[in-house]
Amino acid sequence: MAAPSHADDDYESDQSFSRGLDYAGVLFNFNLEKRQGQRYCRAVVDGSDTLDATYDLMRDGAYSFDVANGISSAAMVAYCTCSVMARQGLDADPILCRPYELAYLRENAN
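For what it's worth, the numbering used here labels the leading residue of the sequence shown as 14, then goes sequentially.
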């Protein structure tokens, strides 16, 4: 299930993601990489291990590990900080939660 469309309107998170991609040297198609990064976050929120979600990017996006890791690392910071921290057994301050993951969680609450 996709996150609501208004979750894509978070300029601050997009800027953070773009900076992360640029820093990793993998910024080449922002819109595609944004979709891939948000897909990574959905997988993590849904219970996937962070490394498995990175491997899925490699397989499905035909990325090298370095590119997939750059996308997933930038996505962790920009779109799903709390979920990644929770998957790693860390307590996350709710103020760190990103709008994309909060919208996705609300959309998929049972």
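The beta-carbon is built from N, C-alpha and C at its ideal position, and this holds for glycine as well.
Secondary structure note for L64: its alpha helix (DSSP H) is the uninterrupted segment T63 to G74.
Rounded to whole angstroms, N42 and M71 show a C-alpha spacing of 16 Å. Of all alpha-carbon atoms in I108, V80 and T67, the one lying nearest the alpha-carbon of D35 is that of V80. Per DSSP, R52 is one residue of the alpha helix (DSSP H) stretching across F43 to V58. Under the three-state reduction of DSSP, Y92 is assigned to coil, being neither helix nor strand. In this structure, D69 sits near A56, with a CB-CB distance shorter than 8 Å. Contact between Y53 and S31 does not hold, since the beta-carbon distance rounds to 16 Å and is not under 8 Å. Contact between G33 and V90 holds: their C-beta atoms lie close to 6 Å from each other, under 8 Å. Counting along the chain, the unbroken alpha helix (DSSP H) around P112 starts and ends at P112 to E120.
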